[in-house]
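Colleague:
In UniProt numbering, the protein residues as written are 1 to 154.
1. Between 104, 133, 19, 143, which lies nearest to residue 70 when the distance is taken from Cα to Cα?
2. Assign residue 30 to one of three DSSP states: helix, strand, or coil.
3. Are there three or more Cβ pairs, one per stretch, closer than 8 Å when the segment 99-114 is compared with the segment 67-83?
4. Going by DSSP, what residue range makes up the alpha helix (DSSP H) through residue 138?
5. In the segment 72-131, which residue ranges form an unbroken beta strand (DSSP E) of at least 3 residues, counting only runs that do not cross its ends?
6. Under 6 Å Cβ to Cβ from residue 75, same chain only, skipping five residues before and after it: list those, please.
7. Have a look at 116, 53, 98, 140 and flag the residue whose alpha-carbon is nearest the alpha-carbon of residue 10.
8. By the DSSP assignment, the beta strand (DSSP E) with residue 70 in it spans what residues?
9. Three-state secondary structure (DSSP) at residue 60?
10. Checking 8 Å against the spacing of the C-beta atoms, do residue 64 and residue 52 come in under that value?
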């Protein structure tokens with residue numbers, strides 16, 4: 001019985017890349033979203049459930065590698081950004097932690113797992129449109145604000 005009331009826990013990264021410096025921030029920032037190959041084919045950043053005995057950041061790194069083919073050495077974790085989302089999935093509470101990470105090589109290829117059918121690099125407004133859920137949209141906007149505080153509110 002105890003297991004049924006425990007919240008599901010997942011961790012992942014808001015992965016972004018900076019395009020060539022021809023355009024100033026925030027227009028040079030794109031976010032990685034993956035489209036699921038199951039259910040309603042929703043779009044999310046790479047994330048997944050915490051395995052027993054695994055810490056949250058290790059989960060985020062493992063899931064990003066499994067789902068997008070991006071390993072720890074491909075990413076630069078951004079200090080000072082951690083967002084926690086809480087919502088229900090099929091009647092059970094779920095908590096998702098997202099860190100923010102820059103792709104070191106903007107041309108690095110994404111390799112999808114069987115869990116996803118497509119991916120897209122998108123600027124903030126397109127990413128928010130794809131994300132659909134308000135809490136994820138707010139997280140993407142918070143990431144943009146963290147990366148470019150000079151731009152004010154989005």
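Every residue, glycine too, gets a C-beta built ideally from N, C-alpha and C.
Modeller: The structure says:
1. When 104, 133, 19, 143 are compared, the shortest CA-CA separation from residue 70 is found for 104.
2. The answer is strand: DSSP assigns residue 30 an E or B state.
3. The segment 99-114, when compared against the segment 67-83, does touch it at the 8 Å Cβ threshold.
4. For residue 138, the uninterrupted alpha helix (DSSP H) segment begins and ends at 134-147.
5. Counting only runs of 3 or more, we get 75-89, 92-103, 116-122.
6. So the list reads 101, once near-sequence residues are dropped.
7. The shortest Cα separation from residue 10 among 116, 53, 98, 140 belongs to 98.
8. For residue 70, there is no enclosing beta strand (DSSP E), as DSSP marks it with neither H nor E.
9. Helix.
10. In this structure, residue 52 does not lie closer than 8 Å to residue 64 by Cβ.
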